Ligand code: 6PG
């Protein structure tokens, strides 16, 4: 009966009532929007309909019934797993859609898929927005960061809803129109790449403190908690501190030590690295984060290798407090370098794909709601506000000052890790990138000479214009 009253009353519909879809829908309903959900799973539909006592929410397990609930032209959001599921839902919807209807893909879709889908749909008169949503279950329910891209006119229709449900920082919603086509999904992909990089950096600080300094979980909880009070303040550091105090229900021991050390992934970090390679704009910290997740899966081989290459982790002989301060500063430096790589890739991609991204806006909407929210984003936002054409964060006067101050700590930490035998690949990649980027000369002349030597690929000279080739052997 209630659903009948709601015919064509709902402002937006959600397809996929998993935890994210359901939470986002309830968030919208709490902000006084009339919303409808669709899922084939009857239990999810029943459970959402039960919420209708408190909220203006409706749910259906039949696509026609669901669509009948929506105001025309309809706005339909998809929160289903990226990939074939998105295409399957679009196919299912198409026979019932009308010109002017709008599909919003809010999953972690690959940006090139988004462009293809948008092109196909606009030919049928259907608008398509690719929207990144970050913040996990909590964010969806109480305020995510939202990264929309696609036709501006379509975005304007949905803006009041997004603006109401997004996280707020200084009363500003963490959402903004980012650009045409797949701009939203591209930015979300980079968000996730940075997420991978920072998670790996934090994991390496854990490793060096656990295996190098023999710290226990209680000490680690305290250290991350303290670090989170200062300039490192960030969501990822906050949850890391909390993780080390969590007890396992089964054993009563710390849960972290019961978790299998094999990392999984859904692909967004790899896509970032792939895009960086395609656009020839390096992101080595992110690449190494992906690489280590991949390597973590080779458990059997690593077990064998640990037998072959036996070398116990050396005993740390330095001053603990000094090292901890260095580690804290080094993490801050590496975090800046990681954000810098992600933003530099956005700068290049914006030109290549004509997204016309505003990097200050992106930094601004990442300050709240999302997984990579961090106090550092204030400085990053300011850097791009001060210079809208800044091609790289490492050229910003303030952040370069910070890096100058912290770089010695980064070197000290890595040197110490090498001596101890604790792997810190993301730290090393960050320093290698930093040292290469700040180097006015790189040994690429030798690369050119080698290319010309074995393949007549030619080279340019420092003292004359043109292209040259040498007969390297008589
Ligand atoms: C977010 C997260 C979210 C998801 C990650 C996990 O912004 O809310 O990034 O999108 O949890 O994609 O990615 P992996 O499974 O690849 O680690």
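Numbering (our numbering), first residue to last: 183 to 656. We put the beta carbon where it would ideally sit given N, CA and C, even for glycine. Keep in mind it's a predicted model, so treat the numbers as computed, not measured.
Check                                                                                                                                                                : Outcome
Quick one: using the 10 Å Cβ neighbour count with 16 as the cut-off for buried, is residue 134 buried or exposed?                                                    : Only positions 183 to 656 of the chain appear in this structure, which leaves residue 134 out of reach.
Just checking, does the region 359-370 make contact with the region 385-397 on the three C-beta pairs under 8 Å criterion?                                           : no
Would you mind sorting residue 620 into buried or exposed? The rule is 16 or more other CB atoms within 10 Å of its CB.                                              : exposed
According to DSSP, which residues form a beta bridge with residue 287?                                                                                               : 260 and 312
Assign residue 239 to one of three DSSP states: helix, strand, or coil.                                                                                              : strand
Taking the straight line between their C-alpha atoms, what separation do you get for residue 652 and residue 628?                                                    : 13 Å
Apply the 10 Å Cβ neighbour rule to residue 190 and answer buried if 16 or more other Cβ atoms are within range, or exposed otherwise.                               : exposed
Measuring straight from C-alpha to C-alpha, what distance separates residue 230 and residue 247?                                                                     : 15 Å
Can you tell me which residues form a DSSP beta bridge with residue 650?                                                                                             : 641
How should residue 370 be labelled, buried or exposed, when 16 other C-beta atoms within 10 angstroms of its C-beta is the threshold for buried?                     : buried
For residue 473, report the span of its alpha helix (DSSP H) as first-last.                                                                                          : 466-478
Give the DSSP bridge partners of residue 329, in chain order.                                                                                                        : 314
I need the boundaries of the alpha helix (DSSP H) containing residue 584, first residue and last residue.                                                            : 579-602
Applying the criterion that 16 or more other CB atoms from any shown protein chain within 10 Å of the CB defines a buried residue, is residue 244 buried or exposed? : exposed
How many whole angstroms separate the CB atoms of residue 311 and residue 284, which I take to be in contact at a CB cut-off of 8 Å?                                 : 7 Å
Count the CB pairs spanning the region 296-303 and the region 321-330 that are closer than 8 Å, and state whether there are at least three.                          : no
Comparing alpha-carbon positions, which option in 274, 207 and 309 lies nearest residue 281?                                                                         : 309
Return the CA-CA distance between residue 357 and residue 603, expressed in angstroms with no decimal places.                                                        : 44 Å
When every heavy atom of ligand 1 is checked, does at least one fall within less than 7 Å of the C-beta of residue 552?                                              : yes
Taking the C-alpha atoms as reference points, what is the distance between residue 183 and residue 321?                                                              : Note that residue 183 scores 46 on pLDDT, short of 50, meaning its location in the model is unreliable and no value can be drawn from it.
Quick check on residue 426: buried or exposed, where buried means 16 or more other Cβ atoms within 10 Å of its Cβ?                                                   : buried
So the beta strand (DSSP E) residue 196 belongs to, where does it begin and stop?                                                                                    : 194-197
Report yes or no: do three or more beta-carbon pairs, one from the region 348-357 and one from the region 509-517, lie closer than 8 Å?                              : no
Measure the Cβ-Cβ separation of residue 133 and residue 261 and say whether it is below 8 Å.                                                                         : This structure leaves residue 133 out entirely; the chain is present only between 183 and 656.
Which two residues bound the contiguous beta strand (DSSP E) that contains residue 220?                                                                              : 217-220
Considering only the alpha carbon of each residue, which of 568, 503, 339 and 521 lies closest to residue 401?                                                       : 503
For residue 488 and residue 495, I'd like the C-alpha separation in whole angstroms.                                                                                 : 12 Å
If you drop the 5 nearest sequence neighbours on each side, which residues of the same chain put their C-beta closer than 7 Å to that of residue 378?                : 451, 468, 471 and 472
Kindly provide the ranges of any alpha helix (DSSP H) runs that are 4 or more residues long and lie completely inside the region 315-379, ordered along the chain.   : 318-324 and 334-347
If contacts are defined as beta-carbon pairs under 8 Å, then residue 423 and residue 415 qualify, I think. What distance do you get, rounded to the angstrom?        : So it is not a contact: roughly 11 Å between Cβ atoms.
Give the range of the alpha helix (DSSP H) segment to which residue 548 is assigned.                                                                                 : Per DSSP, residue 548 belongs to no alpha helix (DSSP H) and is neither H nor E.
In whole angstroms, what separates the C-alpha of residue 644 from that of residue 622?                                                                              : 14 Å
Distance, Cα to Cα, residue 289 vs residue 586?                                                                                                                      : 39 Å
For residue 429, write down the residues that DSSP places opposite it in a beta bridge.                                                                              : 436
Using CA atoms only, rank isn't needed, just tell me which of 647, 638, 648 and 642 is closest to residue 654.                                                       : 638
Is residue 320 a contact residue of ligand 1, with contact defined as CB to any heavy atom under 7 Å?                                                                : no
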